[in-house]
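Colleague: Here the sequence shown stands for residues 1 to 373, numbered as in full-length UniProt numbering.
Sharing a structure here in C-alpha cells format.
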Amino acid sequence: MVSTTGDSRHYWKIIVLAVFIIIISLSHYVTGTEHKYHGLHEIYRRLYYIPIILSAFWFGIKGGISCAIVVSFFYLPHVIYQWGGNFLTDDIPRTLEIVLYHIIGFVTGFLSQKQMDATKSLKKTIEERDESYDKLKQQAEVLVQAEEQLRRADRLSALGKLSAGIAHEVRNPLASIKGTAEILSDKFKPGDKEYEFVEILIKEVNRLDTVVAEFLDFAKPKPPELKSSKINEIILSVLKLTEHQIARSRIDLKTKLEDSLPSVYVDPEQMKQVFLNLIINAVQAMPDGGALEVGSHRNDSEIVCTFSDTGTGISKEEEENLFTPFYTSKSKGTGLGLAIVYRILESHKSKIKFSTKEDEGTIFTVCLPIETD
C-alpha cells in the first residue's frame, strides 16, 4: 500500500520546484535584454540550477533530467524571442547553459540515485538483521522454556516416585492406627480424659491421611476424563463444600458468575480439585478475615475463572516458586496445593496466571478453552 504521507511530501516537493521555475522564468521574461540587465539574466540563469539540483536530490536521475527538460522548456522561448535565438553565435553561452542544465541534472541525479539505492539497501539489511534477531530471540526463549520444562519434568518425576513410595509406606500403618483409635473411642465416653486423647489421635491421623492423599495425587496423576461440563455448576458445588470453612474464617464471599456460559470439556472432579485448592489457598492467605470474590466470564474462545482475595499477597521470592512442588511459605501444608492445580490445568491444555500486591491480595485467573464442535 502506498503511503499517503509519502505522496503528500512528493506533491509538496513538486510544487516547490514548480514555484522556483516559474518565478525564475518570469524574472527572465519581465527583465529587459538591454546591456544594463545582462548581469541580472546571468544570475537568473544560475538560479535555474537550484530546482534542477533539488529535483535530482529528491527524485534521483529521473528527477534531475526531467527538471532540466522543464527548465529548458521555459527558458528556450526567452532565448528565441527575446535574445534572437542565435544559438551558435551570439547566444552560444545560453545554449551551453541549457546543455549544462542537462549534464548537471544527469550527474547529480546519478549520484543521488546511487545514494538512495545504497540507503534503501542499508535499510533493508537493517530490517533483515532486526527480523533475524527477533526470530533468534524467540527461538532462544522457546529453547529456554523447553529446557526449563524438561528440568521441571525430571524433578517432578523424581519427586513423584519418592512421594509415592513414602506415601504407600505411611498409609498402611495409618489405617491400622486409625482403626485401633476408633475401637478405643468406643470404650470411653465423651467427657473422659482418655476419650479426648483418642479424638485428637483420630483427628491427626485423618490430617496425615489427607497429606498422604495429596502426595499420591501428585505422584501418580490420573489422566483427565473429559466431558462436556458447565463450569459455574462446578464452582458452585465447591463453594457449597467450603462455605462453612469460609464463614468460620470471617471471610466475606462474593460471586460474579456470568450466566449462560458455554460448555467446556474438562474432568469435573479434577476441576473441583483445582477450584478447591485455590479457595483453600485464598482462605489461608487471610488468617484475620477478609473478602473473597469468585467470578467467571467469557473472553473470546475461553472461559475465565477468577479467585480474588484481600490477603497477605505474594512476595517476589514466592512468585518464582509458586507452582513448585513442596515449596510453601506457610507453617502448615505440604506445598502441593498449587502444584497440583498447575499439573491438572496443564493436562487440560489450560492456563493459570496470577497478579498480586504484598499486603493487598492476590488474583488467580484460570483460562479454560471453550468446547468446540
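Note that beta-carbon positions come from the ideal geometry of N, C-alpha and C, so glycine has one too.
#1: What residue range does the beta strand (DSSP E) around leucine 368 cover?
#2: Taking only runs of the alpha helix (DSSP H) that begin and end inside the region 188-274, which ones reach a length of at least 4 residues, in chain order?
#3: According to DSSP, which residues form a beta bridge with aspartate 186?
#4: Please identify the residue among Gly311, Lys114, Thr324, Lys189 whose C-alpha is closest to the C-alpha of serine 355.
#5: Once the 5 residues before and after isoleucine 21 are set aside, which same chain residues still bring their CB inside 7 Å of it?
#6: May I ask you to verify whether the region 143-152 touches the region 170-185, counting CB pairs closer than 8 Å and requiring at least 3?
#7: Quick one: residues in its chain with C-beta nearer than 6 Å to the C-beta of lysine 178, no 5 flanking neighbours on either side, listed in chain order?
#8: What span of residues does the alpha helix (DSSP H) with alanine 291 cover, start to end?
#9: If you compare alpha carbons, which of Ser121, Lys114, Asp288 is closest to aspartate 252?
#10: By the DSSP assignment, the alpha helix (DSSP H) with isoleucine 352 in it spans what residues?
#11: I'd like to confirm the pairing. Which residues does DSSP put opposite valine 304 in its beta bridges?
#12: Going along the chain, which residues of its own chain have a beta-carbon closer than 7 Å to the beta-carbon of serine 263, five neighbours each way excluded?
#13: Using 10 angstroms around the beta-carbon of threonine 33, count the other beta-carbons present and answer buried if the total reaches 16, otherwise exposed.
#14: Checking the sheet assignment: what are the DSSP bridge partners for aspartate 309?
#15: How far does the alpha helix (DSSP H) with isoleucine 314 in it extend, from its first residue to its last?
#16: If you check the beta carbons only, do isoleucine 234 and proline 268 fall under 8 Å apart?
#17: Output the distance between the C-alpha atoms of lysine 124 and serine 66, rounded to the nearest integer angstrom.
#18: Are there three or more Cβ pairs, one per stretch, closer than 8 Å when the region 335-342 is compared with the region 305-325?
#19: Would you call the CB atoms of isoleucine 15 and tyrosine 48 closer than 8 Å?
#20: For a test of the three-state rule: what should DSSP assign to glycine 179, helix, strand or coil?
#21: According to DSSP, is proline 93 part of a helix, a strand, or is it coil?
#22: Would you decide whether aspartate 186 is buried or exposed? Buried here means 16 or more other CB atoms lie within 10 Å of its CB.
#23: For a quick check, are the C-beta atoms of leucine 184 and valine 198 less than 8 Å apart?
#24: For the alpha helix (DSSP H) holding glycine 337, just list the boundary residues, first then last.
#25: Straight-line CA distance for residue 374 to glutamate 131?
#26: When you compare only the Cα positions, how much space is there between tyrosine 133 and serine 121?
#27: Does the Cβ-Cβ distance between valine 304 and cysteine 367 come in under 8 Å?
#28: Only counting the same chain, and skipping five residues up and downstream in sequence, which positions put a Cβ closer than 7 Å to that of serine 350?
#29: For proline 224, I'd like the list of residues in its chain whose CB is within less than 8 Å of its CB, leaving aside the five on either flank, ordered along the chain.
Modeller: Considering the structure as presented:
#1: It spans 361-369 - the beta strand (DSSP E) in which leucine 368 sits, taken as one unbroken run.
#2: 193-219, 231-248
#3: Partner(s): none; aspartate 186 has no beta bridge.
#4: Gly311
#5: Pro51, Val70, Val71, Phe74
#6: Not touching, per the Cβ criterion.
#7: Hits under 6 Å: Val205.
#8: No alpha helix (DSSP H) holds alanine 291; the beta strand (DSSP E) holding it covers 290-299.
#9: Asp288
#10: Careful: isoleucine 352 lies outside any alpha helix (DSSP H), inside the beta strand (DSSP E) at 351-357.
#11: His297, Cys367
#12: Ser228, Ser229, Lys230, Glu371
#13: exposed
#14: Leu292, Thr362
#15: Run containing isoleucine 314: none; DSSP gives neither H nor E here.
#16: yes
#17: 28 Å
#18: yes
#19: no
#20: helix
#21: helix
#22: exposed
#23: yes
#24: 337-347
#25: Past the boundaries of the shown model lies residue 374; the chain is included only from 1 to 373, so the question cannot be answered.
#26: 18 Å
#27: yes
#28: Val366, Cys367, Leu368, Pro369
#29: Val266, Asp267, Gln270, Ile344, Ser347, His348
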